[in-house]
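Numbering (the working numbering), first residue to last: 438 to 1057.
Backbone N, C-alpha and C fix where the C-beta goes; we use that ideal spot for every residue, glycine too.
Here it is as structure tokens:
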């Protein structure tokens, strides 16, 4: 038989040979190298460092009968590296077509560059199978890695094209709670991706990983509930009782996080954190549900994070800070630390309670307010303007609320607005007069061009056009797009405001009862009357089901909500300003110690190209 025929026969046999019995954790311990530039602990992978990951990884291997593996987790437990080990195992040991999905294409590119590329380059077993991207016809690009027997495609859940690109045997869905519920009008991205595995129904593997979000909207929780629901149990060093590490058994003394210990649920022995390594080494996964027989589910909180990563002390510290900051911070803490969904009690605020908590200000602008920001809502017959002062921790003070009557198509109305934004000042408790540092004006109504015409020559004074966009996954303020307008086609920066998360943040702060970070102050004057608070609380967050999927959205409970809109726009202006609070506090203290009080004059904001000057509040 010729050499070519022998090579052909060898390759043919290799292709039809059953997968060797080799676990993912064994592969990781023998072949995975954590790169210097992408890992806090570079060098050879050691499963012993995170013993709880062994069963999760091995459930992804050919020995396991599980078709789908679900990992519902907190932060800093090694979940992403667990998935990366599986991808390395696939490339080296059981090659086949694979799809790796991140929430967005941009995140997919970043993950490929910062995680996958270094892993492949530093692990010899992978480097010899995935060619150097600089080589001609290497098949190694940012979003595709070819190797003998298969290809790994990396894409975003926001790309329908990427999700239907090819049939796949292996599917890695990372941070699924960050996916949109509908992609390009083609349906749920998870369903689209899972359909890609239909060709390999007999030997496919699907790995679903995420930190959870809101109860009723969490994909990872839904997937976990279909599984056998395993929790990692550890033994008590005193009585030997096996038990999960739960938040209710973490105790501390006198609000001192450094005293945090785990209390045994059986004998109540106090277990110090330095014993965590022993706890993890002797722990085991315990299934608590029957499931569908095809899905292995694992739940793990950040309380299991190994020594040197995330500590019980830090968990307590973060909890105390979140408790003080309000519901939004507690939700984040619950999601990222406990790995649990957050159940909203209902996003509503009592207008009468807000009216009752108004207070007498010692001056137009109380001492804690270090910058002033404005939000402007444009109606067909008026402008409504809210001015807020902000201090460290985004504590806020309502300062002024005006209704300017007139036609937005006429200059006279905008001249009235100039009297507030450009030349108006407010007397501070510190003794100096303050000007408005940043303003956001809504351009999404019937007078878009009028707004553009107004802000165009005033952008250097941080007067910006905005457009509100719905969607809970959006940032409160996004980078601007550039609109060309007017005879000379000058550019106007148009910022996008994520109104849904902004309203959620605002409503959580309106519920705070303890003054400090996030607390909202209101003055006892006629501008802030019952009608103002009725408008401020004129929306509530509800859940609707669209094509069987829950969707959160804000709906009006009354017709007028201008005060709410203006307040959201003022918050967006603060985010645009991005003040350095420590520097501002130092400056104010310096003035109080003897310098002449001065009128605040914000520096000109950037208007051209990429040259960005700092706001006056950042010029120290």
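Discussion item. I'd like to confirm the pairing. Which residues does DSSP put opposite residue 836 in its beta bridges?
Written reply: Paired residues: none, contrary to the question.
Worksheet item: Does DSSP put residue 462 in a helix, in a strand, or in coil?
Response: helix
Worksheet item: From 763, 792, 940, 915, pick the residue whose C-alpha is nearest to that of residue 932; which is it?
Response: Considering only alpha carbons, the answer is 915.
Fill in: Boundaries (first-last residue) of the alpha helix (DSSP H) holding residue 1018
1018-1029
Practice prompt. Please name the residue, chosen from 634, 800, 939, that lies closest to residue 600 on a Cα-to-Cα basis.
Written response: 634
Worksheet item: Where do the N-terminal and C-terminal ends of the alpha helix (DSSP H) with residue 666 fall, by residue?
Response: Per DSSP, residue 666 belongs to no alpha helix (DSSP H) and is neither H nor E.
Worksheet item: Under the three-state reduction of DSSP, which class applies to residue 614: helix, strand or coil?
Response: helix
Practice prompt. Name the residue from 950, 646, 911, 695 whose alpha carbon lies nearest to the alpha carbon of residue 760.
Written response: The option with the nearest alpha carbon to residue 760 is 950.
Discussion item. Suppose you measure from the CA of residue 684 to the CA of residue 650; what does that come to, to the nearest Å?
Written reply: Looking at the two C-alpha atoms, the distance is approximately 18 Å.
Discussion item. Could you check whether residue 487 and residue 743 sit closer than 8 Å to each other, using their CB atoms as the reference points?
Written reply: Their beta carbons are under 8 Å apart, which means residue 743 touches residue 487 by this criterion.
Fill in: DSSP state of residue 580 mapped onto helix, strand, coil
coil
Practice prompt. Kindly identify the DSSP beta-bridge partner or partners of residue 391.
Written response: Any answer about residue 391 is impossible in this case: the structure gives the chain only from 438 up to 1057.
Item to complete: If I'm right that residue 722 touches residue 492 with Cβ under 8 Å, what's the distance once you round it to whole angstroms?
Response: 5 Å
Worksheet item: What's the gap between the Cα of residue 942 and the Cα of residue 861?
Response: 29 Å
Practice prompt. Would you tell me roughly how many angstroms separate the C-alpha atoms of residue 1024 and residue 874, rounded to the nearest one?
Written response: 16 Å
Worksheet entry | C-beta atoms of residue 661 and residue 507 nearer than 8 Å | yes
Worksheet item: Around the C-beta of residue 729, are 16 or more other C-beta atoms found within 10 angstroms, so that it is buried, or is it exposed?
Response: exposed
Worksheet item: Between the Cα of residue 901 and the Cα atoms of 883, 833, 813, 837, which residue gives the shortest distance?
Response: Among 883, 833, 813, 837, the Cα nearest to that of residue 901 belongs to 813.
Worksheet entry | Neighbourhood of residue 765 by C-beta, 8 Å cutoff - its chain only, sequence neighbours within 5 removed | Closer than 8 Å at the Cβ level, and outside the excluded window around residue 765, lie 941, 942, 945, 946.
Worksheet entry | Cβ neighbour criterion (16 or more within 10 Å) applied to residue 611 | buried
Worksheet item: Does the region 548-555 come close enough to the region 768-777 that 3 or more CB-CB pairs lie under 8 Å?
Response: no
Discussion item. On the CB-based measure, 16 or more other CB atoms within 10 Å of its CB, does residue 1033 come out buried or exposed?
Written reply: Its pLDDT being 49, under 50, residue 1033 is placed unreliably by the model, and the measurement read from it follows with that caveat. Exposed, by the Cβ-count rule.
Fill in: Three-state secondary structure (DSSP) of residue 440
helix
Worksheet item: Mind checking residue 993: buried by the 16 CB within 10 Å criterion, or exposed?
Response: exposed
Discussion item. On the DSSP bridge list, what partners appear for residue 875?
Written reply: 810
Worksheet item: Tell me which same chain residues have a C-beta within less than 6 Å of the C-beta of residue 964, skipping the five on either side of it?
Response: 838
Worksheet item: Taking all protein chains shown into account, do 16 or more other C-beta atoms lie within 10 angstroms of the C-beta of residue 713, making it buried, or fewer, making it exposed?
Response: buried
Worksheet item: What do you reckon, are the CB atoms on residue 1005 and residue 929 nearer than 8 Å?
Response: no
Fill in: Outcome for residue 695 when other beta-carbon atoms lying within 10 angstroms are tallied against a minimum of 16
exposed
Worksheet item: Counting Cβ pairs, one atom from each stretch, are 3 or more of them under 8 Å apart for the region 555-563 and the region 523-537?
Response: yes
Item to complete: Spatial neighbours of residue 967 within its chain, please: CB distance less than 7 Å, with the 5 preceding and 5 following residues excluded, ordered by chain position.
Response: 792
Worksheet item: Looking at the structure shown, is residue 969 part of a helix, part of a strand, or coil, going by DSSP?
Response: helix
Item to complete: Measuring alpha carbon to alpha carbon, tell me which of 658, 988, 710 ends up nearest residue 700.
Response: 710
Worksheet item: Quick one: is residue 832 buried, meaning 16 or more other Cβ sit within 10 Å of its Cβ, or exposed?
Response: buried
Worksheet item: Three or more C-beta pairs closer than 8 Å, one from the region 502-518 and one from the region 579-587: is that the case here?
Response: no
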